[in-house]
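Visitor:
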């Protein structure tokens, strides 16, 4: 089996070296970067499965790097500040987990293994076709009650692409994960905490608004509005795809 690749982005040399050593002992392939510029270069060349990302870097904000890297890799953010606002912001821009310094190495490896274990459970494939099409019908709102608008969506779970009316829709990794999970559990209404647990891949107890933010961005990218969307809001409960 190929080793999972991890990029450690941390400007404190001692922490960076400790993490690299510990993760290599866990049979991961590990690279390290000490600033944002070198991290971006290594990220493109190394193509890591997961990035351990410090928020406070000397040149580029960890939040900015998260926006870029989360489209392709899992992100675990590291910070010396136990600030709930930082945590919410990190989750909303694509982070998968968040660890506050100082931390135990065992905690870091446990969080990483949990993310990979969740991914290997194939919650976004198996038991379903790898390519599916669906048609969303909605009122045209043009005064003619007999007319409906039909939008055809094709979701390819292998290539992680979405085609709407013949045009490819660019979704971020977490947006696609959210769409995939809801689609493959059509008809089931999930509340926000359930979606955080299942799609984000761990038990996150905090502000559930991050789900609303991702739903809003998903709808915007799909060209939907709140009333006529493939993802329906069940008021007071959560979200569903019928």
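Numbering (full-length UniProt numbering), first residue to last: 1 to 242.
Heads up, the beta-carbon is just placed ideally off N, CA and C, and yes, glycines get one too.
Owing to the predicted nature of the structure, the values given are computational and were not obtained by experimental measurement.
Determine whether the Cβ of residue 28 lies closer than 8 Å to any Cβ atom of chain D.
Guide: Protein chain content of the structure displayed is limited to a single chain, and chain D is not contained in it.
Visitor: Considering Cα atoms alone, identify which of 192, 210, 41 is closest to residue 239.
Guide: Nearest of 192, 210, 41 to residue 239, Cα basis: 192.
Visitor: Just to confirm the assignment: which complete beta strand (DSSP E) runs, minimum length 3, are found wholly within the UniProt domain "OmpR/PhoB-type" (145-242)?
Guide: Listed in chain order, the complete beta strand (DSSP E) runs (minimum 3 residues) inside the UniProt domain "OmpR/PhoB-type" (145-242) are 148-156, 161-164, 167-169, 232-234, 238-240.
Visitor: Kindly indicate the opening and closing residues of the alpha helix (DSSP H) around residue 17.
Guide: Run containing residue 17: 13-25, per the alpha helix (DSSP H) assignment.
Visitor: How close, in whole Å, do the beta carbons of residue 9 and residue 50 come, if the pair is a contact with beta carbons under 8 Å?
Guide: Incorrect: roughly 11 Å between the Cβ atoms, too far for contact.
Visitor: Is the beta carbon of residue 60 sitting closer than 8 Å to the one on residue 66?
Guide: Result no, Cβ atoms of residue 60 and residue 66 do not sit closer than 8 Å.
Visitor: Buried or exposed, going by whether 16 or more other CB atoms sit within 10 Å of the CB of residue 115?
Guide: Label assigned to residue 115: buried.
Visitor: Can you give the Cα-Cα distance for residue 183 and residue 48, rounded to whole angstroms?
Guide: Approximately 28 Å, taken between the alpha carbons.
Visitor: Hey, how far is the Cα of residue 211 from the Cα of residue 107?
Guide: Their Cα atoms are separated by approximately 25 Å.
Visitor: Name, in chain order, the residues that DSSP records as bridge partners for residue 76.
Guide: According to DSSP, which records beta bridges pairwise, residue 76 is partnered with 52, 97.
Visitor: With 16 as the cutoff for other CB atoms within 10 Å, does residue 176 come out buried or exposed?
Guide: So residue 176 ends up on the buried side.
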